[in-house]
Amino acid sequence: MNKARLKKELQMLTKDPPHGVACWPKDDQLNEWEATLVGGADTPYKGGMFKLKIELPERYPFEPPHILFQTKIYHPNIDDMGRICLDILKMPPQGSWKPAQNMSSVLASIQLLLSEPNPDDGLMASISKEYKFDRLKFLETARQWVLKYATEDVVERDKGKGGKKRKAEEDDNETSASKTAKFDDV
Numbered sequence: 001m002n003k004a005r006l007k008k009e010l011q012m013l014t015k016d017p018p019h020g021v022a023c024w025p026k027d028d029q030l031n032e033w034e035a036t037l038v039g040g041a042d043t044p045y046k047g048g049m050f051k052l053k054i055e056l057p058e059r060y061p062f063e064p065p066h067i068l069f070q071t072k073i074y075h076p077n078i079d080d081m082g083r084i085c086l087d088i089l090k091m092p093p094q095g096s097w098k099p100a101q102n103m104s105s106v107l108a109s110i111q112l113l114l115s116e117p118n119p120d121d122g123l124m125a126s127i128s129k130e131y132k133f134d135r136l137k138f139l140e141t142a143r144q145w146v147l148k149y150a151t152e153d154v155v156e157r158d159k160g161k162g163g164k165k166r167k168a169e170e171d172d173n174e175t176s177a178s179k180t181a182k183f184d185d186v
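If you're matching positions, the sequence shown starts at 1 in the UniProt record's numbering and goes up one per residue.
Here is the structure:
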């Protein structure tokens, strides 16, 4: 694992992240990161905050990162376990991962996937079919899932039920820059 590259990528994500994206190392680990994506304004995911788990393999950047949605989302290209069907997350010949790509571009691509699903390469056949043939129902269901799983109301509700984990996640978001700074000395 190229620690210098990972530190550089973290700095880039801290100083100039893609719009609506935050990323930080988990528990001060260089190979495990967390990220949040904000749903785009012109999508059914508007107002949603989606948490991602990122694992960087030992051979990164020669192998793509492993990324999972931890927040439930209704999307043709994201399954019930949070797996994402996106070319740049797969090695050739099935995918298009290249070592020149970085986490900033990967997270921006995932955010773009929220705006522009690809139902022809979906993980969820029923959602893909609904997206293609009953778009209004898809949009309504996706919006309901955002309200149920990915909004500030959910965060507040979880806090009221002893949601210390959610509070810790929020604290992590606020201090991602300070966490990244710790790796400058590694």
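The C-beta atom is built at its ideal place from N, Cα and C for all residues, glycine as well.
Keeping to the same chain, check which residues put their C-beta closer than 6 Å to that of residue i; ignore five residues upstream and five downstream.
{"i": "ASP185", "result": "The predicted position of ASP185 is uncertain, since its pLDDT is 45 and thus under 50; a value taken from the coordinates is nonetheless stated next. Correct list: empty, nothing qualifies."}
{"i": "SER115", "result": "GLY40, THR43"}
{"i": "PHE138", "result": "GLU130, TYR131"}
Would you mind giving the Cβ-Cβ distance between residue i and residue j, rounded to the nearest angstrom? I have them listed as a contact below 8 Å.
{"i": "LEU113", "j": "LEU136", "result": "Wrong, their Cβ atoms sit about 21 Å apart, outside the cutoff."}
{"i": "ALA142", "j": "TYR74", "result": "4 Å"}
{"i": "LEU13", "j": "LEU30", "result": "In fact, because the Cβ distance is near 13 Å, the residues do not count as touching under 8 Å."}
{"i": "LEU37", "j": "GLN111", "result": "5 Å"}
Enumerate in chain order the residues of its own chain whose CB-to-CB distance from residue i is below 8 Å, with the five nearest sequence positions on each side excluded.
{"i": "LYS90", "result": "PRO64, SER96, TRP97"}
{"i": "ASN118", "result": "PRO76, ASN77, CYS85"}
{"i": "ASP120", "result": "SER128"}
Who are the Cβ neighbours of residue i in its own chain at under 7 Å, not counting the five residues just before and after it?
{"i": "residue 201", "result": "Summary: the structure shown does not reach residue 201, with the chain confined to residues 1 through 186, and so no result is reported for it."}
{"i": "LYS46", "result": "GLY39, GLY40"}
Quiz prompt | Touching by the beta-carbon criterion (3+ pairs, under 8 Å), the segment 119-136 and the segment 38-55 | solution = no
Quiz item: Would you call the segment 3-21 and the segment 102-112 in contact, with 3 or more CB pairs under 8 Å?
Solution: yes
Exercise. Could you say if the segment 89-102 and the segment 56-67 meet the contact criterion of at least three C-beta pairs nearer than 8 Å?
Key: yes
Practice problem: With a floor of 3 residues, list each beta strand (DSSP E) that falls wholly inside the UniProt domain "UBC core" (1-151), ordered by position along the chain. | Solution: 21-25, 32-38, 49-55, 66-69
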